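Asks: One structure, pasted below without further comment.
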Amino acid sequence: MGVRLSGGIGPLRVSVPVFGAAGGFFQLCLYSIKLLGWALWWELVLCWWLLLGCYWLLRLVYWDGPRWVWSWWQRRRSAPVVSAGS
Numbered sequence: 022m023g024v025r026l027s028g029g030i031g032p033l034r035v036s037v038p039v040f041g042a043a044g045g046f047f048q049l050c051l052y053s054i055k056l057l058g059w060a061l062w063w064e065l066v067l068c069w070w071l072l073l074g075c076y077w078l079l080r081l082v083y084w085d086g087p088r089w090v091w092s093w094w095q096r097r098r099s100a101p102v103v104s105a106g107s
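First residue of the sequence shown: 22, per the numbering used here; consecutive thereafter.
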């Protein structure tokens, strides 16, 4: 923001801070809010990946793992037994 001054030597332009002496405080608040938003965004992203990883880990332990073990056990039981005498 500027203030136009007109005088004998012609128009001059003088720069005046918008918030005056409190500008540094408000700027610090704005940067803090921006930093908080950035931190919350990355927390959301990291929590999403953490939840996705937990889902796949639990699925492996409680769903895919038992199914693989059960199918392996069924294949093992249905395999013909070869005796040493024949």
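Note that the Cβ used here is the ideal one computed from N, Cα and C, for glycine as well. Keep in mind the model is a prediction, meaning the values are calculated, not measured.
Express the C-alpha separation of Leu65 and Leu73 in angstroms, rounding to a whole number.
Replies: Approximately 12 Å between the Cα atoms of the pair.
Asks: For Gly86 and Cys75, what's the separation of their Cα atoms in angstroms?
Replies: Distance between the alpha carbons of Gly86 and Cys75: 15 Å.
Asks: Tell me whether Ala60 sits in a helix, a strand or coil according to DSSP, three-state version.
Replies: Correct three-state label for Ala60: helix.
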